[in-house]
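Start counting the sequence shown at 35; every next residue gets the next number (the numbering used here). These notes are about the structure you will find just below.
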Amino acid sequence: MHFDGNDAPLRLADEIRKEIKRSHKNLYRLAHEARMDYAKLRDFMKDEITVPRSVLLKLASKIGLSLQQIGKG
């Protein structure tokens with residue numbers, strides 16, 4: 035994906051999507067190891083599965099924004 039100079043929110047959203055995908059892959063692996071159904075585990079934890087603040091900070095700094103600028107401060 036190509037971004038221009040005014041695309042910080044798009045880049046951040048793209049990085050967050052990648053992080054969420056990695057998180058779901060890890061959750062799927064953990065569910066498999068625990069012999070649980072992934073869909074049941076995901077539904078059980080639906081309000082707890084978020085992008086951690088530390089990850090948001092890392093991603094925001096990667097594209098030159100603060101958490102306040104993206105509304106998560």
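We put the CB at the ideal spot given by N, CA and C, even for glycine.
Quick one: using the 10 Å Cβ neighbour count with 16 as the cut-off for buried, is L93 buried or exposed?
For the purposes of this step, residue 93 is taken as residue 59 along the sequence shown, with counting starting at 1. For L93, the number of other beta carbons within 10 angstroms of its own is at least 16, and it is reported as buried.
Own chain residues within Cβ distance below 7 angstroms of H58, not counting five before or after
The count along the sequence shown starts at 1 and reaches residue 58 at position 24. Hits under 7 angstroms: none found.
What would DSSP say about A73, mapped onto helix, strand or coil?
Taking the sequence shown and counting its residues from 1, the one referred to as residue 73 is at position 39. A73 falls in the helix class under three-state DSSP.
Under the assumption that L61 contacts R51 (Cβ atoms under 8 angstroms), give the Cβ distance between them as a whole number of angstroms.
Start at 1 with the first residue of the sequence shown, and residue 61 comes out as number 27. Start at 1 with the first residue of the sequence shown, and residue 51 comes out as number 17. The beta-carbon separation of L61 and R51, rounded to 15 angstroms, does not stay under the 8 angstroms limit for a contact.
When D41, R56 and F78 are compared against V89, the one with the closest alpha-carbon
Start at 1 with the first residue of the sequence shown, and residue 89 comes out as number 55. Comparing alpha-carbon positions, the option among D41, R56 and F78 lying closest to V89 turns out to be R56.
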